[in-house]
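Here my numbering is used: the first residue of the sequence shown is 17, the next is one more, and so on.
Beta carbons are placed, not taken as given, at the ideal position from N, Cα and C, and that holds for glycine.
Data first, discussion second: the structure below is written as C-alpha cells.
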Amino acid sequence: MKIKVGCPHCGAKFNVPQSAIGQTAKCSKCGQKFQV
C-alpha cells in the first residue's frame, strides 16, 4: 500500500510505499533530503 507524503522544503507530493516510513528520502523536485 502506498501513502502520500509531501516534501517539507518545496511541497511536492509523492506516493511512497508504507515500508518507507521512517526512512530518509530525496525529493526529486528540489533535491533536499527529508524523513518520510
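(message) As a quick exercise: from 20, 37, 41, pick the residue whose alpha carbon is nearest that of residue 31.
(response) Residue 31 has its Cα closest to that of 20, out of 20, 37, 41.
(message) Suppose the cutoff is 8 Å on Cβ atoms and the five residues either side in sequence are ignored; what does the same chain contact list for residue 34 look like?
(response) Same-chain partners within the cutoff: 17, 18, 19.
(request) Go ahead and pull the three-state DSSP assignment for residue 51. (result) Looking at residue 51 - three-state DSSP - the assignment turns out to be strand.
(request) Using the DSSP secondary-structure output, state which residues sit across from residue 41 in a beta bridge. (result) 50, per the DSSP bridge assignment.
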